[in-house]
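Per the numbering used here, the sequence shown starts with residue 8, numbered consecutively. One structure is given below, encoded as structure tokens.
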Amino acid sequence: MFSHFQFKEIPTKRRLRKAYEFSFFYQGKHYRGFYHPNGKIDWYEPQPPTDLVDKFQSQVHELMLFHVYDK
8 MFSHFQFKEI
18 PTKRRLRKAY
28 EFSFFYQGKH
38 YRGFYHPNGK
48 IDWYEPQPPT
58 DLVDKFQSQV
68 HELMLFHVYD
78 K
């Protein structure tokens, strides 16, 4: 589905609550977003198409769980 999924930790005021910036390519288009400590996702420009937002969010959550939280 995604290619070149990347993420980096963004410092927060609370050490226990980590936030992340992420990016990936989907069908040749680059998408970026911000993953909040509570799991909320804010998308940078370009926003994903409305019919793909739920699918993208599900995939991002799964990848974050795998790469960050299941160490």
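Positions of the beta carbon are idealized from the N, C-alpha and C atoms, including for glycine.
Check residue i in the structure and name its three-state DSSP category.
i	result
H37	strand
H68	helix
K62	helix
Check for me: the alpha helix (DSSP H) holding residue i runs from which residue to which?
i	result
Q54	Here Q54 belongs to no alpha helix (DSSP H), and DSSP marks it neither H nor E.
Ends of the beta strand (DSSP E) at residue i?
i	result
K15	S10 to I17
Report the partner residues of residue i according to the DSSP bridge assignment.
i	result
F29	F14 and G40
With 8 Å set as the bound, which would you pick, yes or no: does the beta-carbon of residue i sit closer than that to a beta-carbon of chain D?
i	result
Y42	Within the model displayed, chain D is absent; a lone protein chain is all it includes.
Within 10 Å of its beta-carbon, does residue i have 16 or more other beta-carbons around it, so buried, or fewer, so exposed?
i	result
Y27	buried
F31	buried
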